[in-house]
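Right, one structure below, let's go through it.
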Amino acid sequence: MSIEEPRAPGELNPEFYRRQAEVCRTAGDELAALANLIAARTLDAFAAQPSVAQTRNLCDVATGYFMKGDYEAAAHWYRLVLDIDPDTAVAWLNLAAIHAEQDDEHEAAACRERAYKSQRVFIEQTGGETRRVLVLCSGSGTGNVPFAALLPGTVNCRIKYAIDHALDEEDANLPPFDIVFNALGDPDIAEPIAQRLARFESRSSRPVLNRSAVVARTRRHWLPELLRGLTDVVSAHCVLGIAPTGAEEPLARRVADNGLTFPLLLRPVASHGGDGLVRCDDPDTLNAHLRVMDGAHYLSAFHNTRDADGFYRKYRMIFIDGEPFAYHLAISPHWMVHYFSADMEAQAWKLDEERRFLADPRGAIGDRALRAIANIGERLALDYAGIDFTILPDGRVFVFEANATMLVHYERDDGPLKHKNGHVQRIVDAFEQMMIRRSLSHAGLRDLRRQTGST
């Protein structure tokens, strides 16, 4: 459904929805009947007093369908909301999410842009929070640290600020907040607004977690240099951007000049979860992929990290204030290891191995590797980050990536992965304690400055 698509004649008439409600009720669909009645009442209110009427209830109807995964119904109701009030930003954003789910990124981007023209600040609160967290976000839909689990709504009022769409002068009009979490965890996404972020951070009177300059050091092609000198740590050489050529030999020469040898891994910048990632075993394959790839990209050396049993392993640990916490282990027969594609739930031995790692990381990977991981966390110097890695046959840690965009989330309490939830809770608790420490430290420093008259 295009952002430009007009609504059918009569669909802005409340009587239309009353008739639809009767049809749905006759068919036994009480939920749809109620939705149509809410639509009729919303249209009645706007016809009577357009300056004070609201679309909130109708928007809640759309969001209910959205949460159920009924995207067709959700889009229908969001479109009606926007016909009534075109500046309802949350409707535009959820339409963007629907389009993104349907792989229509062009339409998703158009909806996001329309949303942020109307609104840059979004407040999520339940009424019982004890802390107000300003979350700096990218409005592009990618590159943000997944923070839903880290900042539970029972404790935190989350104030999301699409800073990449906001002018500097808007900062002064933000609602009150106690602490700032920079959720722009992908340095490729954050790079175009680096100066904007730096200005905001320099003016902030509240503590800032994951400062942008520290996040910037984790770009893929800078990571090997950042980790250089750490004992028992290995990472793949990576370069940013090699253009395609018309002949195989010059490309092969330029690959060699950049210190790389085949096979290589090619991926777009600002990509995650294996999106766009391909293995190129020779110059012809690389050249073919480069010719169809839009935008900047990374090239990195491919290391065969398959274990003796024929499987590849990818461990994930999360750093909170530099301290590592085990999060998951994915085991796959394929070199591109992802938890969702590793068939973990179908093979009990894989889950058993993951449970052992979560319960006793030291016993699973050894003292030497765990010391190396802790040193990496210290070197990253981020308040929140994560690392994906494996253990080489000689005991060293091979780093796939280390940055702030690592996902942490709870599993279903009745599902096959429920064993992870206790470990997720440890991460969430550690994040909470870190925020408390940062707030107390900042308050103490502020008081000291007042007493000494310094700035």
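Sequential numbering from 24 applies to the sequence shown in the numbering used here.
For every residue, glycine included, the Cβ atom is placed at its ideal position computed from N, Cα and C.
Check: Which residue spans inside the stretch 411 to 437 form an unbroken beta strand (DSSP E) run of at least 3?
Finding: 420 to 426
Check: Would the stretch 323 to 343 and the stretch 280 to 289 be scored as touching if the rule is three or more Cβ pairs under 8 Å?
Finding: Yes: at least three Cβ pairs fall under 8 Å.
Checklist line | Buried versus exposed call for H188 [16 or more other C-beta atoms within 10 Å across all chains shown] | finding: buried
Next item on the list: Give the DSSP-derived three-state secondary structure of V75 in the structure shown.
Entry: coil
Note to self: Whether or not the stretch 366 to 383 and the stretch 293 to 309 are in contact is what I'm after, with contact meaning three or more pairs of Cβ atoms, one per stretch, closer than 8 Å; do they touch?
What the structure shows: The answer is no - the stretch 366 to 383 does not touch the stretch 293 to 309, with fewer than three Cβ pairs under 8 Å.
Notebook entry, point to check: Looking at the unbroken beta strand (DSSP E) that takes in S141, where does it start and where does it end?
Noted result: Premise fails: S141 lies in the alpha helix (DSSP H), 128 to 141, not in any beta strand (DSSP E).
Next item on the list: Hey, could you find the ends of the beta strand (DSSP E) V262 is sitting in?
Entry: 261 to 263
Margin query: Can you tell me which residues form a DSSP beta bridge with H351?
Written below: For H351, which the question treats as bridged, DSSP gives the partners R339.
Next item on the list: Only counting runs of 4 or more residues, tell me where the alpha helix (DSSP H) segments fall wholly within the stretch 195 to 245, in order along the chain.
Entry: 210 to 213, 217 to 226, 235 to 239
Checklist line | CB-CB length for I182 against R155, believed under 8 Å | finding: 6 Å
Notebook entry, point to check: What residue does the alpha helix (DSSP H) around Y40 start on, and which one ends it?
Noted result: 37 to 49
Margin query: If I follow the unbroken beta strand (DSSP E) through L287, where does it start and stop?
Written below: 287 to 291
Check: Looking at the structure shown, is L118 part of a helix, part of a strand, or coil, going by DSSP?
Finding: helix
Margin query: Tell me the DSSP secondary structure of E401 in three-state form.
Written below: helix
Next item on the list: Quick one: grab the DSSP three-state call for R102.
Entry: Here R102 sits in helix by DSSP.
Next item on the list: Can you have a look at W100 and say buried or exposed, based on whether 16 or more other CB atoms are within 10 angstroms of its CB?
Entry: buried
Item checked: Euclidean distance between Cα positions of E401 and L232 -> 15 Å
Note to self: Rounded to whole angstroms, what is the Cα-Cα separation between A172 and V431?
What the structure shows: Pairing A172 with V431, the inter-Cα distance amounts to about 7 Å.
Next item on the list: Using three-state DSSP, classify L159 as helix, strand or coil.
Entry: strand
Item checked: Limits of the alpha helix (DSSP H) - the one that K373 falls within -> 371 to 382
Notebook entry, point to check: Counting pairs of beta carbons, one from the stretch 367 to 378 and one from the stretch 439 to 446, are three or more of them closer than 8 Å?
Noted result: yes
Margin query: Here's the rule: buried if 16 or more other CB atoms are within 10 angstroms of the residue's CB, otherwise exposed. What is P32?
Written below: Confidence in P32 is poor, its pLDDT being 48 and thus under 50, which makes the residue's placement too unreliable to answer from.
Check: If we count the other Cβ atoms within 10 Å of its Cβ and call it buried at 16 or more, is A206 buried or exposed?
Finding: buried
Item checked: Any chain D beta carbon closer than 8 Å to S227 -> The structure shown contains no chain D, having only a single protein chain.
Notebook entry, point to check: Taking buried to mean at least 16 other C-beta atoms within 10 Å of its own C-beta, is L463 buried or exposed?
Noted result: exposed
Notebook entry, point to check: alpha helix (DSSP H) containing V315: first to last residue?
Noted result: 306 to 315
Margin query: Less than 8 Å between C-beta atoms, sequence neighbours within five positions excluded: which residues of the same chain meet that for V451?
Written below: Closer than 8 Å at the Cβ level, and outside the excluded window around V451, lie A172, L173, P175, V431.
Next item on the list: Using the Cα positions of D317 and G264, report the straight-line distance between them to the nearest angstrom.
Entry: Those two C-alpha atoms are separated by around 11 Å.
Margin query: On a Cα-Cα basis, can you pick out the residue from C261, H260, L253 that is closest to R394?
Written below: L253
Next item on the list: Look up L440 in the DSSP assignment and say whether it is helix, strand or coil.
Entry: coil
Next item on the list: Grab the span of the beta strand (DSSP E) containing R302 for me, first residue to last.
Entry: 301 to 303
Margin query: Using C-beta distances below 7 Å, list every residue in its chain close to A131, excluding the 5 sequence neighbours before and after it, in chain order.
Written below: Closer than 7 Å at Cβ, skipping near neighbours: A119, H122, A123, G164.
Next item on the list: Could you tell me the distance, in whole angstroms, from the CA atom of T153 to the CA atom of F200?
Entry: 11 Å
Margin query: Using 8 Å as the threshold, is the C-beta distance between V262 and L283 below it?
Written below: yes
Margin query: I need the straight-line Cα distance from D406 to D191, nearest angstrom please.
Written below: 25 Å
Next item on the list: Kindly indicate which residue of D52, Y94, N179 has the alpha-carbon position closest to the one of V203.
Entry: N179
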